[in-house]
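Numbering (the numbering used here), first residue to last: 28 to 263.
Backbone N, C-alpha and C fix where the C-beta goes; we use that ideal spot for every residue, glycine too.
The model shown is predicted, which means the values in this text are computed figures rather than measured ones.
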Amino acid sequence: MVISHKHKFIFIKTAKTAGTSIEVFLSKHCGPHDVVTPITPEVDGHCPRNYAARFNPLPELVSGANRPRDAWRDFLARKKFYNHMTALLVQSRVPARVWRSYFKFCVERNPWEKVLSHYHMHAHRAGSLSLDQYFTTGKFPVNFPRYTDRSGREIIVDRVLRYENLNTELAEILAQLNIPFDGSLGIRAKSEYRTERKPYQVVFTEEQRRIIEQKFAREIELHGYRFATEDAIAAR
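Now the structure itself:
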């Protein structure tokens, strides 16, 4: 997560959407007073700063943005900002004028492709993990709570970029923010996890496809994603 007072933007990091690569790129253009949260494992060129501080937890308790035990835990640990925190929680922890005036953005991705990328990451880390075993965990990279209101129906950031068109849309945002961009982030963090590149349409079974449709129903509704069957036919 990045809050740049220098360029007046807030970047909300979502799962499996090149978030780490974007964070590293943005951190290089941030000023000394900007907020850059840590990444685990650490990445060369990324310099976390200004994320640890005391804060007033009452606004997030009143708004319901956080559970009381989590709010007090963060307060006692001086954990004001951290990686992957929700936009709703960021809104509760920054001044109202910052939230209103800064440009807020994140990235979203086709859920079937996102799940496949998430599976490969966990399989790499586990050493051995079948796709069926991954699905039994029930842990999927659902992102919409990170950029919507409490109901999950209203997007509260200014723009959700499409991962499928990331460089073009990111170039538009960075030009608006006066941040130089040559069309490449210069890093592909975590890209080593996936070495097999079969399209998702020929990887998932009908049952796995149905599970993804159910788990990501809100994201599919919000962004109009669909299972591209014509691509599946071409890929066979």
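In the same chain as L188, and ignoring 5 residues on each side of it, the C-beta atoms closer than 8 Å to its own belong to F132, C133, V134, E135, E196, L197, I200, in chain order.
Nearest in C-alpha terms to E69, of all of G154, S48, V62, is S48.
Cβ neighbours of G213 within its own chain (closer than 7 Å, five residues either side excluded): F52. By the neighbour-count criterion, in which a residue is buried when 16 or more other Cβ atoms sit within 10 angstroms of its Cβ, K43 is buried. Contact check for A80 against R100 fails: the beta carbons are separated by 8 Å or more. Counted as a single uninterrupted DSSP element, the beta strand (DSSP E) harbouring F130 occupies residues 130-135. In the DSSP assignment, V187 falls within the beta strand (DSSP E) that extends over 186-189. Between F171 and H145, the C-beta spacing is not below 8 Å. DSSP, reduced to helix, strand and coil, places V70 outside both helices and strands of the structure shown, so it counts as coil. For the set A92, E50, N77, the Cα lying nearest the Cα of G179 is the one of A92. Where S31 is concerned, the enclosing beta strand (DSSP E) starts and stops at 29-31.
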